[in-house]
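Here is the structure we will look at.
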Amino acid sequence: MILPFLEKQKEEMRLFLEKQKITLPFFKKQKEKTRGPVLKLDLHSHFIPGIDDGSQSIEESLTLLRGMEALGYEKVITTPHIMIDVYRNTPKIIKEGLLTLQEAAKAEGIQLEIEAGAEYYLDEGFYDHLHSGEVMSIKNKYLLFETSYISKPIQVEEMIFEIGAAGYIPLMAHPERYRYVTDPLKEYSRFKELGVLFQVDLNSIGGYYGKSAKKNVDFLSKHGMIDFLGSDTHHKRHLESLSDVFMSDAYADIFTNNKIRNDELI
Ligand SMILES: [Fe+2]
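Those letters in the sequence shown? Residues 1444 to 1709, by our numbering.
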């Protein structure tokens, strides 16, 4: 009775080892091929429902937050647009929306820590926001701003200076996506001279925003100019393509060439 049992075990072991020979190198290869560190903090997204072009309902927001959790994030600082022509958000609107979102997430058992800042558009209303007495900054330290994609604002340097004078570090959202950057070395270097930090959109790394944005990310990465990485999540498609980005060599390379500061904000 003992021998057949041993034979069976031996056979199981043989099959197990045979399987390992096939699967082990495969996993090893995947591991070698992939990812830099797992990002725990995200500082650019549009999760507060109904106040900009991001999530349009609390259900959609909860789906997106669950997706962020699944990707390994532990904390998000969500950043609704503040734009004079389209999204006339105020600190009051953002804070109320944040509270609703935090309560809904808690009720759903979502563990993510959720805070809010804003993504300021450099337009004619910007100075009023900056001097209104309440700025939706990130950790009371960084002011996340964007500009038109097409043309560089004439007063961009003055505005950047004013951000510093108000006590914040200017943090440019997705520098790789501005089509007015035609001479990357000259123009990105100038922003750096002015004390601007750069937050690159993760999806630009995978080519989601086109060849030009991808090329600019490669340039910024190679020159060690990237400071933060953001998801800039507006909807589910953004999250779906993020998992591919995290598996890419280009993503891993960023951590070799740049000092990524996301963890500083946890
Ligand atoms: Fe954004």
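Even for Gly, the Cβ is constructed at its ideal location relative to N, Cα and C.
Model, not experiment: these values are computed from the prediction.
Inter-residue spacing [alpha-carbon to alpha-carbon] between His1487 and Glu1558 | Roughly 11 Å between the two C-alpha positions.
Count the other CB atoms within 10 Å of the CB of Ile1494; is the residue buried (16 or more) or exposed (fewer)?
-> Flag for Ile1494 reads buried.
Since Glu1605 is in the alpha helix (DSSP H), which residue starts that stretch and which ends it?
-> Secondary structure note for Glu1605: its alpha helix (DSSP H) is the uninterrupted segment Val1599 to Ala1608.
Going by DSSP, name the residue or residues bridged to Gln1545.
-> Per DSSP, none; premise fails for Gln1545.
Under the DSSP definition of a beta bridge, which residues are partnered with Gly1673?
-> Answer is Asp1644, bridged to Gly1673.
Val1578 by DSSP, collapsed to three states: which one?
-> In this structure, Val1578 counts as coil in the three-state DSSP scheme.
Name the DSSP beta bridge partners of Phe1588, please?
-> Assignment of beta-bridge partners to Phe1588 by DSSP yields Tyr1563 and Met1615.
Is there at least one non-hydrogen atom of ligand 1 closer than 6 Å to the beta-carbon of Glu1512?
-> No, Cβ of Glu1512 sits at least 6 Å from all heavy atoms of ligand 1.
Verify the contact flag: Asp1496, CB atom, against every heavy atom of ligand 1, threshold strictly below 6 Å.
-> Set against 6 Å, the gap from the CB of Asp1496 to the closest heavy atom of ligand 1 is not smaller.
Enumerate in chain order the residues of its own chain whose CB-to-CB distance from Asp1706 is below 8 Å, with the five nearest sequence positions on each side excluded.
-> Result list for Asp1706: Lys1483 and Leu1484, in chain order.
Indicate the three-state DSSP secondary structure (helix, strand or coil) for His1572 in the structure shown.
-> Helix at His1572.
Counting contacts by CB-CB distance shorter than 7 Å, is Asn1705 in contact with chain D?
-> The structure shown contains no chain D; it holds only a single protein chain.
Apply the 10 Å Cβ neighbour rule to Tyr1623 and answer buried if 16 or more other Cβ atoms are within range, or exposed otherwise.
-> It counts as exposed.
Anyone know if the C-beta pair for Arg1544 and Ile1581 falls short of 7 Å?
-> Inspection of the sequence shows that residue 1544 is occupied by Leu rather than by Arg. Between Leu1544 and Ile1581, the C-beta gap is not smaller than 7 Å, which leaves the two residues out of contact.
Kindly indicate which residue of Thr1506, Phe1604 and Tyr1563 has the alpha-carbon position closest to the one of Val1529.
-> Out of Thr1506, Phe1604 and Tyr1563, Tyr1563 has the C-alpha closest to the C-alpha of Val1529.
Chain-ordered residues, beta carbon under 5 Å from a heavy atom of ligand 1 = Residues whose Cβ lies closer than 5 Å to any heavy atom of ligand 1, listed in chain order: Glu1562 and Asp1675.
Might you give, ordered along the chain, the residues of its own chain that have their beta carbon closer than 6 Å to the beta carbon of His1617, omitting 5 neighbours on each side?
-> Spatial neighbours of His1617 in its own chain (CB-CB distance under 6 Å, excluding positions within 5 residues in sequence) are listed in chain order as Asp1644.
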